[in-house]
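Beneath this line is the structure, given in structure tokens, with notes to follow.
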Amino acid sequence: MTCAELVELVTAYLDGALDPETEQRFAEHLTVCDGCEIYVEQMRRTIAEVGQVEPQSLSAATRDGLLEAFRTFRRD
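Note that the numbering used here gives residue 143 to position 44 of the sequence shown, counting from 1, and the numbers run on in steps of one.
And the structure:
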């Protein structure tokens with residue numbers, strides 16, 4: 100598995116939605132690639148932190164700005 104493939108599959112991996120063969124290839128890649136191991140850990144931490152943010156604590160402008168940033172992220 101390449102680093103680019105891992106990045107494409109990280110969400111499915113963290114959700115436990117990969118088929119067993121792909122999950123094994125993903126896990127094997129993590130054992131040999133420090134950069135991807137760090138990336139997956141950062142994703143786990145981000146998910147944990149975002150899960151603790153109360154939606155009401157964001158102003159409408161902040162929420163709209165974040166949503167727009169997420170929408171345009173892949174276009175850059």
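Glycine included, C-beta positions come from ideal geometry on N, C-alpha and C. Fair warning: this is a prediction, and the values are worked out from it, not measured in the lab.
Go to MET142, then tell me how far its alpha helix (DSSP H) extends in each direction, as first and last residue. Counting along the chain, the alpha helix (DSSP H) containing MET142 begins and ends at 133 to 149.
Quick one: give me the first and last residue of the alpha helix (DSSP H) that GLY164 is part of. Per DSSP, GLY164 belongs to the alpha helix (DSSP H) from 159 to 172.
Please classify LEU157 as buried or exposed, where buried requires at least 16 neighbouring CB atoms within 10 angstroms. By the neighbour-count rule (16 or more Cβ atoms within 10 Å), LEU157 is not buried but exposed.
According to DSSP, is ALA116 helix, strand or coil? The answer is coil: DSSP assigns ALA116 none of H, G, I, E or B.
GLU153 (DSSP reduced to helix, strand or coil): When DSSP states are grouped into helix, strand and coil, GLU153 belongs to the coil group.
Which listed residue (PRO119, GLU120 and LEU129) has its alpha carbon closest to that of VAL106: It is LEU129 whose Cα lies nearest to the Cα of VAL106.
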